[in-house]
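Have a look at the structure below before the remarks.
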Amino acid sequence: MDFINDRLPSIPTLSSTSKKSNGLPIITGFQQLKFLLLSLHHHISTLPSLEPGPAADALFGTLVRICTQPTDHLALKLVRDDDIQTIRPDLIQLCSRAECLLERHYAQRALAADDTAAALLSFPYYANYKDLVRLEYHLLLGVSDPATPILQVAFLGSGPLPLTALILAQDHLPTTRFRAIDMDAAANELAQHLLARLNPGIGRRVHIITADAADVTDTLAECDVVFLAALVGLDREAKRAIVAHLAAYMRPGALLVVRSAHGMRQLLYPVVDDEDLVGFSVLVTAHPGNHVVNSVVIAKKMEG
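Sequential numbering of the sequence shown, starting at 33, is according to our numbering.
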């Protein structure tokens, strides 16, 4: 998604303030920001398609840019606003659908290219994934037993671009075996072809499984670490149900890595709080303040 909004004259521009963060203008003023978010939701919800394209890219790019601004009292006030809370569930649903379509588009594009690896780098959020996975890996190092190697990792909600498994296998865990699990068979087929094309060795270490997260049992018990994607369980009730399932089947002492959201980023992704992680003991929580969108929570499966 290109970070642009100049094609959308009905949406206020981001250049109306002199304040800047990392070279990007910061929107100020509660009513202005609220109007912009409501306008974005309206435009996105009336798009004929959420497939990548000029209009969708501009809208979602602007939304992401707004939601990744530094969190302050204005942002906290905004996310508690009744009108914003009303659109939030639908906004998360729209973002989820658009993200799936975006990943499918870039998986197909990479597979059609002569140089698959180079084409994959054009995915707009590749750097975000790489930095998020690096953060998660170093957080894991900080809370795990150095005498116990990470041998088996599962990722629930891997999609057509299994970037977490790929980056971990390639950059951080060179001998670990992975299970990339998604309920979408078509997405898994793309992921399988992509891994085989990118690196056959890594492809042999990443086992793609088609299954609903709620149906995965034995695999969970075998893994040292389980990653839960941000968009697996789009509301609190669904997320808690998945966590309860994980608590029932993960072995005591195994680690759960949950992607969450903080501040205005919760307009893009569901929030997971400590009290949602019943059966787990929270070890560390990180809220990035840069271009990395997701927060990270790591918890240990408790005995019993």
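Don't be surprised by glycine CBs; every beta carbon is placed ideally from N, CA and C.
*asked:* Given a cut-off of 8 Å on the beta-carbon distance, is the pair Val316 and Gly85 in contact?
replied: No, the pair does not count as a contact, with Cβ atoms beyond the cut-off.
Just checking my contact of Ile124 with Lys66 at CB under 8 Å: how many whole Å lie between their CB atoms? The pair is not a contact, with the Cβ atoms about 18 Å apart (cut-off 8 Å).
Check: Straight-line CA distance for Gly192 to Val264?
Finding: The sequence given here has Pro at residue 192, not Gly. The alpha-carbon atoms of Pro192 and Val264 are separated by roughly 14 Å.
Note to self: Buried or exposed, going by whether 16 or more other CB atoms sit within 10 Å of the CB of Asn326?
What the structure shows: Residue environment for Asn326: buried (at least 16 other C-beta atoms within 10 angstroms of its C-beta).
* Asked: Looking only at its own chain, which residues have a Cβ that is under 6 Å from the Cβ of Thr148, when we skip the five neighbours before and after it?
  -> For Thr148, where only same-chain residues beyond five positions count, the Cβ hits under 6 Å are Ala142, Arg229, Leu230.
- Query: Leu183: buried (16+ other C-beta within 10 angstroms of its C-beta) or exposed?
  - Reply: Per the 10 Å Cβ criterion, exposed.
Can you list, in chain order, the residues of its chain with a C-beta nearer than 6 Å to that of Asp163? Leave out the 5 residues immediately preceding and following it. Apart from sequence neighbours up to five positions away, the residues of its chain that approach Asp163 with a beta-carbon distance below 6 Å are Val324, ordered along the chain.
Check your understanding: With distances taken from CA atoms, which of Ala212, Asp306, Tyr157 is nearest Gly235?
Key -> Of Ala212, Asp306, Tyr157, the residue nearest in Cα terms is Ala212.
- Where the beta strand (DSSP E) containing Ile124 begins and where it ends: Note, Ile124: premise wrong, no beta strand (DSSP E); alpha helix (DSSP H) at 114-144.
(message) Going by DSSP in three states, Asp177 sits in which element: helix, strand or coil?
(response) Asp177 falls in the coil class under three-state DSSP.
Item to check | Cβ separation of Leu252 and Val275, assumed to be a contact under 8 Å, to the nearest whole Å | outcome: About 12 Å; that fails the 8 Å criterion.
Pull up the DSSP beta-bridge partners for Lys66, would you.
-> Residue pairing from DSSP leaves Lys66 without any beta-bridge partner.
Give the secondary structure of His294 by DSSP, where H, G and I count as helix, E and B as strand, and everything else as coil.
DSSP, reduced to helix, strand and coil, places His294 outside both helices and strands of the structure shown, so it counts as coil.
- Message: For Arg291, count the other beta carbons within 10 Å of its own beta carbon; 16 or more makes it buried, fewer makes it exposed. Which is it?
- Response: Label assigned to Arg291: buried.
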